[in-house]
Amino acid sequence: MHVTDIQITNPTYRQTLGELSAVVSLSSDMRDVRLLCNVPAATERRAGEGRIALIREALRQLSRMPEIRAGREKLSFAPGLDPTEA
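Start counting the sequence shown at 8; every next residue gets the next number (the numbering used here).
Spelled out as structure tokens, the structure:
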């Protein structure tokens, strides 16, 4: 899957659980994958770090999909989208 766009929608801070949740959409030419992601909300995070944490959680979930886990499909990113570079 060659990711060409990443969108984060419906971000919600759930104070009682101390977490940030959102739907992370990873788009490619062939398909769109939408994942519900939850990450611990750290008040000391700098601007943008919550977004990166949500994307990394989406990638963790995506890596568990059978086609990725079995190596039948490789994950790549369009220039400027790779969250491991941030």
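Don't be surprised by glycine CBs; every beta carbon is placed ideally from N, CA and C.
Please read these numbers as outputs of a predicted model, since none were measured by experiment.
Check: Quick check on the burial criterion: 16 or more other C-beta atoms within 10 angstroms. Buried or exposed for Gly57?; Outcome: buried
Check: List the residues that DSSP assigns as beta-bridge partners of Glu26.; Outcome: Arg21, Pro47
Check: Are the beta-carbon atoms belonging to Ala48 and Gly25 less than 8 Å from one another?; Outcome: yes
Check: For Arg67, name the three-state secondary structure that DSSP assigns.; Outcome: helix
Check: Would Met8 be called buried (16 or more neighbouring beta carbons within 10 Å of its own) or exposed?; Outcome: buried
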